[in-house]
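**Student:** Residue numbers (the working numbering): 400 to 750. Structure incoming, see below.
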């Protein structure tokens, strides 16, 4: 359910046992206001067969309390957390059951009955938990929301007014997201090494495809070519209502120094990286490798896989002595029949 709610905001957390926390900052205007926003969420959950109570406030504690104590959905005005908390029962503060029983035995059954009491007295009698929960609800103490999926620092979202169910529509959405993301990356002189394109369907399922590059890239046309062959694997079903594009791996985009009189080819050639990206997109990930020498005497450990085309070797390849052309998966016994000291054997028996 939390992953399904990402269509409404990228920041969704689970609050066990039966609550979801959504950071909706800057999202409500996409649904023409906070009221329409909450109404849409409530309606969509109802269509899936869930009964929900929801509230929107400036703090997690206040929204949690109002949602628990008022049926339906409510919106707390800005800076009105204190007024909204006063008539609520002490259970709205998310405190432990023994502390709730102690407060009720003393006749403190509502938040307003003790919110103005001296803080040293409350701390001495009830401990720090009560003050911490009160401060969180009133916005005095910040409360951290941990989303179910870490939000990528380089990501863009494209909500759709009408569900998209055609390949052409998916391509248009991908093109717009790539143009926006690549424009931002170019301004910051960065390029992506991997990208994930997701489509959130009406039935709650998520379709996604991903690509990887051999060197940082902010070329939207090249990146679209890598995605193009995989778009056919996305099944829109009844339609996709939200598209997202994330770049979980981003690196510095080094400027290319071109020579005046001759072409600078080799591994630094950008065209080679583009070619390798296209080939790997056709064959699938894990088929193209580049190896660098490693400082080890055993042949099977004398090389390591390179992370990119730009990585330089730390040592030179050992070419002074012959190396085996092929390594057996498991050691095999060889019996020497005619040994020669300090030289290869004249005869040996294998299998």
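Even glycine gets a Cβ: it sits at the ideal position worked out from N, Cα and C.
Would you check if the distance between the CB atom of residue 499 and the CB atom of residue 528 is smaller than 7 Å?
**Tutor:** Within the chain shown, numbered from 1, the residue matching residue 499 stands at position 100. Within the chain shown, numbered from 1, the residue matching residue 528 stands at position 129. For residue 499 and residue 528, no; Cβs fall outside 7 Å.
**Student:** What are the residues that DSSP puts in a beta bridge with residue 702?
**Tutor:** Locating residue 702 in the chain shown gives position 303, counting from the first residue. The bridge partners DSSP lists for residue 702 are 692.
**Student:** From the DSSP output, which residues share a beta bridge with residue 603?
**Tutor:** As a working mapping, residue 603 is identified with position 204 in the chain shown. Paired residue(s): none; residue 603 is not in a bridge.
**Student:** Please confirm if the stretch 609–624 is in contact with the stretch 677–692, defined as three or more CB-CB distances below 8 Å between the two stretches.
**Tutor:** yes
**Student:** How about residue 596 and residue 406: are their beta carbons less than 7 Å apart?
**Tutor:** Here the question's residue 596 lines up with position 197 in the chain shown. Here the question's residue 406 lines up with position 7 in the chain shown. No, the pair does not count as a contact, with Cβ atoms beyond the cut-off.
**Student:** When you compare the CB positions of residue 676 and residue 613, do they come within less than 7 Å of one another, or not?
**Tutor:** As a working note, residue 676 is residue 277 in the chain shown. As a working note, residue 613 is residue 214 in the chain shown. Contact: yes.
**Student:** Please go through the stretch 456–534 and give each complete alpha helix (DSSP H) segment of 4 or more residues, from N-terminal end onward.
**Tutor:** 459–468, 480–484, 496–504, 518–525
**Student:** Among the residues of its own chain, which have a CB less than 7 Å from the CB of residue 440, if the five just before and after it don't count?
**Tutor:** For the purposes of this step, residue 440 is taken as the residue at position 41 of the chain shown. In chain order, 407, 453 place their CB closer than 7 Å to the CB of residue 440, counting only its own chain and leaving out the 5 sequence neighbours on each side.
**Student:** Taking C-beta to C-beta, are residue 639 and residue 563 nearer than 7 Å?
**Tutor:** In the chain shown, residue 639 corresponds to position 240, counting from 1. In the chain shown, residue 563 corresponds to position 164, counting from 1. Going by C-beta atoms, residue 639 is nearer than 7 Å to residue 563.
**Student:** Taking the alpha-carbon positions, what's the residue 559 to residue 641 distance?
**Tutor:** Along the chain shown, read from residue 1 onward, the residue named residue 559 stands at position 160. Along the chain shown, read from residue 1 onward, the residue named residue 641 stands at position 242. So the two alpha carbons sit approximately 6 Å from each other.
**Student:** For residue 427 versus residue 544, is the C-beta distance shorter than 7 Å?
**Tutor:** Counted from its first residue, the chain shown places residue 427 at position 28. Counted from its first residue, the chain shown places residue 544 at position 145. Taking 7 Å as the Cβ cut-off, residue 427 and residue 544 do not qualify as a contacting pair.
**Student:** Output the distance between the C-alpha atoms of residue 610 and residue 464, rounded to the nearest integer angstrom.
**Tutor:** Along the chain shown, one-based indexing puts residue 610 at 211. Along the chain shown, one-based indexing puts residue 464 at 65. Distance between the alpha carbons of residue 610 and residue 464: 43 Å.
**Student:** Just checking my contact of residue 591 with residue 649 at CB under 8 Å: how many whole Å lie between their CB atoms?
**Tutor:** As a first step, residue 591 is located in the chain shown; it is residue number 192 there, counting from the start. As a first step, residue 649 is located in the chain shown; it is residue number 250 there, counting from the start. Right, the Cβ-Cβ distance comes to about 5 Å (below 8 Å), so this counts as a contact.
**Student:** Residue 694 to residue 723, Cα distance in whole Å?
**Tutor:** As a first step, residue 694 is located in the chain shown; it is residue number 295 there, counting from the start. As a first step, residue 723 is located in the chain shown; it is residue number 324 there, counting from the start. When rounded, the distance between both Cα atoms is 16 Å.
**Student:** Return the residue from the list 531, 515, 501 that minimises the CA-CA distance to residue 524.
**Tutor:** To locate residue 524, count along the chain shown from 1; it is residue 125. Considering only alpha carbons, the answer is 501.
**Student:** In or out: residue 745 buried (at least 16 other Cβ within 10 Å) or exposed?
**Tutor:** Along the chain shown, read from residue 1 onward, the residue named residue 745 stands at position 346. Exposed: under 16 other Cβ atoms inside 10 Å.
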